[in-house]
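Colleague: A single structure is presented below for examination.
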Amino acid sequence: MSGDTKLARNPLLSAYALAVYAFLYLPILVLVVYSFNGGGVGGFPPANWTFDWYKQLFQDGALWDSVLNSAIVAICAVAIALGLGLPAALALDRAEFPGKALFRRLVLLPLILPGIITGLSLLMLFVQVHMKLSLVTVTLGHGTALISVATTELFAGLQKLDRAQEEASLDLGANPWSTFWKITLPNLRVSLIAAGLLIFTLSFDEIAVSFFLIGRDNTLPLEIWSRLRRGITPEINAISTLILCFSIGIILVWYRLRSRTTHATEPTPQLAVATAQGELP
Amino acid sequence: MYSRAYKATVTIPPLAWVVALLLVPYAMLFCYSFWSVSPLQTIVHSWTLDNYRQLLEKPLYVEVFLRSVRIAGSVTLLALLLGYPLAYYVSFYTQGRKELAYQLVIIPLWASYLVRGYAWKTILGSDGVLNGLLQYLHITHAPLEFLLYSPFAVILTLTHIYTPFVFLPIYASLEHIPRNLVEASQDLGCSPWQTFRRVILPLSLPGVIAGATFAFVLTLGDFLAPLLVGGSSGIMISNVVVSLFGAAYNWPLGAAISLCMLVVVVMILFATERMEKRFSVS
Amino acid sequence: MSSPSPIEKTPVLAGSADVLLEIREVTKRYGARPVLRGISLNVASGEFLTILGESGSGKTTLLRLIAGFEQLDRGAILMSGARIDNVPAHKRPVNTVFQSYALFPHLSVFDNVAYGLRASRTTASEIPGRVANALDMVKMGDFAKSAPSKLSGGQQQRIALARALVNRPRVLLLDEPLSALDANLRRQMQVELKSLQREVGITFIFVTHDQEEAMALSDRVALLRAGHLEQIASPREIYGRPATAYAAQFIGQTNLLRAEIRNGIANAGPIVWRTFESQGKATFSLRQEAIRLVPSGASVSAPGVSVARFRGTIRNQSFGGAMDAIEIDCGSSHVVRARVAAPGPLSGEHEFEFDANDAIRVIEGGD
Chain A
200 MSGDTKLARN
210 PLLSAYALAV
220 YAFLYLPILV
230 LVVYSFNGGG
240 VGGFPPANWT
250 FDWYKQLFQD
260 GALWDSVLNS
270 AIVAICAVAI
280 ALGLGLPAAL
290 ALDRAEFPGK
300 ALFRRLVLLP
310 LILPGIITGL
320 SLLMLFVQVH
330 MKLSLVTVTL
340 GHGTALISVA
350 TTELFAGLQK
360 LDRAQEEASL
370 DLGANPWSTF
380 WKITLPNLRV
390 SLIAAGLLIF
400 TLSFDEIAVS
410 FFLIGRDNTL
420 PLEIWSRLRR
430 GITPEINAIS
440 TLILCFSIGI
450 ILVWYRLRSR
460 TTHATEPTPQ
470 LAVATAQGEL
480 P
Chain B
4 MYSRAYKATV
14 TIPPLAWVVA
24 LLLVPYAMLF
34 CYSFWSVSPL
44 QTIVHSWTLD
54 NYRQLLEKPL
64 YVEVFLRSVR
74 IAGSVTLLAL
84 LLGYPLAYYV
94 SFYTQGRKEL
104 AYQLVIIPLW
114 ASYLVRGYAW
124 KTILGSDGVL
134 NGLLQYLHIT
144 HAPLEFLLYS
154 PFAVILTLTH
164 IYTPFVFLPI
174 YASLEHIPRN
184 LVEASQDLGC
194 SPWQTFRRVI
204 LPLSLPGVIA
214 GATFAFVLTL
224 GDFLAPLLVG
234 GSSGIMISNV
244 VVSLFGAAYN
254 WPLGAAISLC
264 MLVVVVMILF
274 ATERMEKRFS
284 VS
Chain C
1040 MSSPSPIEKT
1050 PVLAGSADVL
1060 LEIREVTKRY
1070 GARPVLRGIS
1080 LNVASGEFLT
1090 ILGESGSGKT
1100 TLLRLIAGFE
1110 QLDRGAILMS
1120 GARIDNVPAH
1130 KRPVNTVFQS
1140 YALFPHLSVF
1150 DNVAYGLRAS
1160 RTTASEIPGR
1170 VANALDMVKM
1180 GDFAKSAPSK
1190 LSGGQQQRIA
1200 LARALVNRPR
1210 VLLLDEPLSA
1220 LDANLRRQMQ
1230 VELKSLQREV
1240 GITFIFVTHD
1250 QEEAMALSDR
1260 VALLRAGHLE
1270 QIASPREIYG
1280 RPATAYAAQF
1290 IGQTNLLRAE
1300 IRNGIANAGP
1310 IVWRTFESQG
1320 KATFSLRQEA
1330 IRLVPSGASV
1340 SAPGVSVARF
1350 RGTIRNQSFG
1360 GAMDAIEIDC
1370 GSSHVVRARV
1380 AAPGPLSGEH
1390 EFEFDANDAI
1400 RVIEGGD
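Chains as they are written, first to last, in this note's numbering: chain A, 200 to 480; chain B, 4 to 285; chain C, 1040 to 1406.
Dropping the structure here:
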């Protein structure tokens, strides 16, 4: 949409918007700044610039174990969510069947449900089937909750797909399975990667569902959480800053990828003009 | 065009998973809520309405629930008051820098919940940054206690977290408004404020409803912010549930509360979905 | 002459008269809404058939049924006597040129064109030659390595054509392929398509809403209306002898005269002419260019030809190149439109005439 609206400038609104931006960013800024503060967390103004907390961080074995755990869980969660989200998105986009509305609501429910309900209900299930709480249960929880995200992203990607291409493939003699592999999936490639990145980040940062399903090994958020109980240390500022950079990096890549999918098959403007003027056949 | 085999292949796996790991657990929640806990700390599998009776009779639960609703309402309202004008600004008043302005709102969204909750904790504490700043500027001479470990802190933290969430659907619906409607309104003599009130606001309602629902429902069920910054006066209903699954060991009662929450959330979702349909103009 | 019924009239065709495709009583509904209502028609081998109709007439649905992207509710589609409507799309010896071209953006032009050959397991050594031939046929021989997204609309359309033709289908389906092109390019492509069809000899089934296009390209035109086959005939036949009022109005420009026939005379208010049609009420189509201006002072017309004359006041005149379009008020709210070669602006009352044979009786009304 073009932003050229010709609305008169509104200084009051601009100031207000700036204030909201400040509200959103200042706490994060404070967090980052104080991770370099020699005097620790709190107080004002921050003095002695230091990397000490980061050095301490990198020597903290337990923390890095939890980072590894989080990464493993996140990758598995991506596999589960995409592996089930893709068929769900295909079903919602193409198939008509009784109970479709209910299916859609059910798949998308965890998106808006508070994590505690998803976490607790799964906890009860695992207890009933005598499954020990561990990273496996956490992964199952993440995967289940994040199918909704995968389905939403992939559904949007499918909608942008040119259905005629699949018909053309069939028309030319390729069977439905071959069409899926050669035409549908390649066209969904960008959506799949974008969804994967999003799910990875969400799983990595996830705490509400993990809270109830965690066993002996901690994920990173829960490791931080348990340390918080013992007291605030600037080391947490440092790891938080790192998490921040990491998450933001991934999300920016995700965003770039996502906006790329709209430009797949349009001819360039210059060619369009030339065609109109009859210069090119 | 899609054969029955295709349809079966795409619907059965996700359906099976979702039934096993969503529906069955909810069913477990349902069953547990009617059971009880014996003095020996074991679950008694006999069916009773005791838990629900407790919820209605003991004032504690209703009290905490109402406080949760108040907090959720406050957070939603504040997030709307912050998020809507911001969305309006980015959509209508940023010309060349719209993309950047949009990204700048999204970025805090991806700082994890924990990171942001922790940030507020360090800011609001008696030794925290804010108190330090106020004393440094000689505005106060002693730390302000109410900043942390209070409902105020919970509301502040959650507002910070959910404002971008509220921004997103409102921004999307504002972007969908054809700009020539705005121009037509001006052409017919309406000031920007009138144009906003009569054209833009009504057309953005579906986005507002979606954002508000999201913020309200998730705040209602939140237990992390109270644990981080709420103290004992900022307890919300989910914290009660957490303790019932922890130290207070009464899973059935906790399940009953959770089930009630689930039902309330689903009802809210149905209601807002219908509201959205009513207010949306294709 | 009895009134013609709107069914297939002319089996006479330029090429072979073998029926290649048979569409039998095909019915298709979307939910409760019927889109095709028991349509039957035959397509001859090697012919260029156009399915013409407005949006909603069912023309695209019919095409998609032949291609296999939709399933019919009732009826059958047969090719050389064997049913194909129960055969999945990818197994039918039919190829489609899509309205949006539907080129695969992640494959090069070469791979796009080779796609069908690879799907049918053509010998690898044969593929480059056949692709090159197909591209040359559409004059895109130099573009084999290009990416489809870099081509103009017209170029993409040619590739889509090559991609379909390379598989030597028995029938080529074209779904409004020229609608996205501008007027000049469109005319150029029409000529090329027609000569291409003659060259390869494949049966073309072409769908369009543009009646001029249909007239220019086809051996026969099948006019569809609200799911029914209104008329199927050669362009000349459908133009000169439309079966229904709808056909007369859809193709070319005409006047509909509602007349009462008594004793060999048709009486449509101020306009009266001789006719062989039977007694009673009837509707006639009179093409606008069939009306001539009688120069003042002129007398009798050629002998042996029944000519009808009437008077009227000229209400509107618009310049139209070779002919002007004029509106004639004949009194008692009878208005007739004509196309006449006028030397300059006209006004006032004049006399007009037309050959009685040019008034064609048509069927009017719904079903």
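Cβ atoms here follow ideal geometry from the backbone N, Cα and C, with glycine treated the same way. Quick caveat, the model's predicted, so the values are computed rather than measured.
What in chain A is Cβ-close to residue 989/C, meaning under 8 Å?
Modeller: One cannot answer for residue 989/C here, as it falls past the ends of chain C, which runs 1040 to 1406.
Colleague: According to DSSP, which residues form a beta bridge with residue 50/B?
Modeller: Bridge partners of residue 50/B: none, in fact.
Colleague: Along chain A, which residues have their Cβ under 8 Å away from the Cβ of residue 172/B?
Modeller: Under the 8 Å cutoff, chain A gives no residues; its nearest Cβ is about 12 Å from residue 172/B.
Colleague: Who are the Cβ neighbours of residue 1093/C in its own chain at under 7 Å, not counting the five residues just before and after it?
Modeller: Taken in chain order, the residues that qualify are 1248.
Colleague: Starting from residue 1296/C and walking both ways along the beta strand (DSSP E), at which residues does that stretch end?
Modeller: That run of the beta strand (DSSP E) goes 1293-1301.
Colleague: Can you give the beta carbon distance from residue 1349/C to residue 1391/C, rounded, assuming they're within the 8 Å contact cut?
Modeller: Yes, residue 1349/C and residue 1391/C are in contact; Cβ-Cβ is about 6 Å, under 8 Å.
Colleague: Tell me which residues of the segment 215-238 of chain B have at least one Cβ-Cβ distance to chain A shorter than 8 Å, keeping chain order.
Modeller: For the segment 215-238 of chain B, which is checked against every Cβ of chain A, the residues closer than 8 Å are 216, 217, 220, 221, 223, 224, 225, 226, 227, 231.
Colleague: Using the beta-carbon of each residue, which ones in chain A are nearer than 7 Å to residue 1159/C?
Modeller: Under the 7 Å cutoff, chain A gives 372.
Colleague: Which of the residues in the segment 336-350 of chain A, read from start to end, lie with their CB under 7 Å from any CB of chain B?
Modeller: Against chain B - using a Cβ distance shorter than 7 Å - the residues of the segment 336-350 of chain A are 339, 343, 346.
Colleague: Taking a contact to mean a Cβ-Cβ separation below 8 Å, would you say residue 161/B touches residue 72/B in this structure?
Modeller: It is not a contact, given that the beta carbons lie outside the stated cut-off.
Colleague: Should the segment 337-356 of chain A be called in touch with the segment 54-70 of chain B, which here means at least 3 C-beta pairs below 8 Å?
Modeller: In short, these stretches do not touch, since the Cβ pair count stays below three.
Colleague: Can you tell me whether residue 485/A is helix, strand or coil according to DSSP?
Modeller: Because chain A is modelled from 200 through 480, residue 485/A falls outside the range shown and cannot be assessed.
Colleague: When you check each C-beta in the segment 219-242 of chain A against every C-beta of chain B, which residues fall closer than 8 Å?
Modeller: Residues passing the 8 Å Cβ filter: 219, 220, 222, 223, 224, 226, 227, 229, 230, 233, 240, 241, 242.
Colleague: Kindly confirm or deny that the segment 1073-1085 of chain C and the segment 1125-1137 of chain C touch, where touching means at least three C-beta pairs closer than 8 Å.
Modeller: As far as the Cβ criterion goes, the segment 1073-1085 of chain C does not touch the segment 1125-1137 of chain C, which means the pair count is below three.
Colleague: Determine, for residue 1278/C, whether the minimum Cβ-Cβ distance to residues of chain A falls below 8 Å.
Modeller: It does not: the Cβ of residue 1278/C has no partner Cβ on chain A nearer than 8 Å.
Colleague: What residues of chain C sit near residue 382/A, judged by a beta carbon separation below 7 Å?
Modeller: Under the 7 Å cutoff, chain C gives 1143.
Colleague: What do you get for residue 122/B, buried or exposed, if any count of 16 or more other CB atoms within 10 angstroms of its CB means buried?
Modeller: Buried: at least 16 other Cβ atoms inside 10 Å.
Colleague: So residue 128/B and residue 147/B are in contact, right, with Cβ under 8 Å, and what is the actual spacing, rounded?
Modeller: That belief does not hold up - the Cβ atoms of residue 128/B and residue 147/B are roughly 10 Å apart, past 8 Å.
Colleague: Just checking my contact of residue 234/A with residue 433/A at CB under 8 Å: how many whole Å lie between their CB atoms?
Modeller: Contact flag correct, Cβ pair sits at about 6 Å.
Colleague: For the segment 1145-1176 of chain C, which residues have a CB atom closer than 7 Å to at least one CB atom of chain A, in sequence order?
Modeller: Flagged, chain order: 1145, 1154, 1155, 1158, 1159.
Colleague: Can you list, in chain order, the residues of its chain whose CB lies under 8 Å from that of residue 376/A, leaving out five sequence neighbours each side?
Modeller: So the list is empty, once near-sequence residues are dropped.
Colleague: Out of curiosity, what's the CA-to-CA distance linking residue 18/B and residue 1286/C?
Modeller: Rounded to whole angstroms, residue 18/B to residue 1286/C spans 52 Å at the Cα level.
Colleague: Enumerated in chain order, which unbroken segments of the alpha helix (DSSP H) with a length of 4 residues or greater are wholly contained in the segment 104-159 of chain B?
Modeller: Runs found: 116-127, 132-139.
Colleague: Checking contacts by CB at 8 Å: is residue 1289/C closer than that to chain A?
Modeller: By this cut-off, residue 1289/C is not an interface position.
Colleague: Name, please, each residue of chain C whose Cβ falls closer than 8 Å to the Cβ of residue 377/A.
Modeller: Those are 1158, listed as they occur along chain C.
Colleague: At the level of alpha carbons, what is the spacing between residue 1328/C and residue 1101/C?
Modeller: So the alpha carbons of these two residues sit roughly 34 Å apart.
Colleague: Are residue 1209/C and residue 1242/C closer than 8 Å when you measure CB to CB?
Modeller: Their beta carbons are under 8 Å apart, which means residue 1209/C touches residue 1242/C by this criterion.
Colleague: Between residue 404/A and chain B, is any beta-carbon pair separated by less than 8 Å?
Modeller: Answer yes: the Cβ-Cβ gap between residue 404/A and chain B drops below 8 Å somewhere.
Colleague: Along chain A, which residues have their Cβ under 7 Å away from the Cβ of residue 114/B?
Modeller: Per Cβ cutoff of 7 Å: 227, 443, 446.
Colleague: Using a C-beta to C-beta distance shorter than 8 Å, which residues of chain A count as neighbours of residue 145/B?
Modeller: In chain order: nothing, as chain A lies at least about 14 Å away.
Colleague: Figure out for me which residue from 308/A, 262/A, 245/A has the closest Cα to the Cα of residue 253/A.
Modeller: If we check each option's Cα against that of residue 253/A, 262/A comes out closest.
Colleague: For residue 417/A, which residues in chain C fall below 9 Å Cβ to Cβ?
Modeller: Those within 9 Å of residue 417/A in chain C number zero; the least Cβ separation is about 42 Å.
Colleague: Can you find a CB in chain C that lies within less than 8 Å of the CB of residue 247/A?
Modeller: Judged by the 8 Å Cβ criterion, residue 247/A is not in contact with chain C.
Colleague: Report all residues from its chain with a CB closer than 6 Å to the CB of residue 274/A; omit the five preceding and five following residues, and keep chain order.
Modeller: Result list for residue 274/A: empty, nothing under 6 Å.
Colleague: Can you pull the chain A residues whose beta carbon is under 9 Å from the beta carbon of residue 248/B, in chain order?
Modeller: The answer, in chain order, is 319, 322, 411.
Colleague: How would you label residue 1230/C, buried or exposed, when you count the other beta carbons within 10 angstroms and need 16 or more for buried?
Modeller: Flag for residue 1230/C reads exposed.
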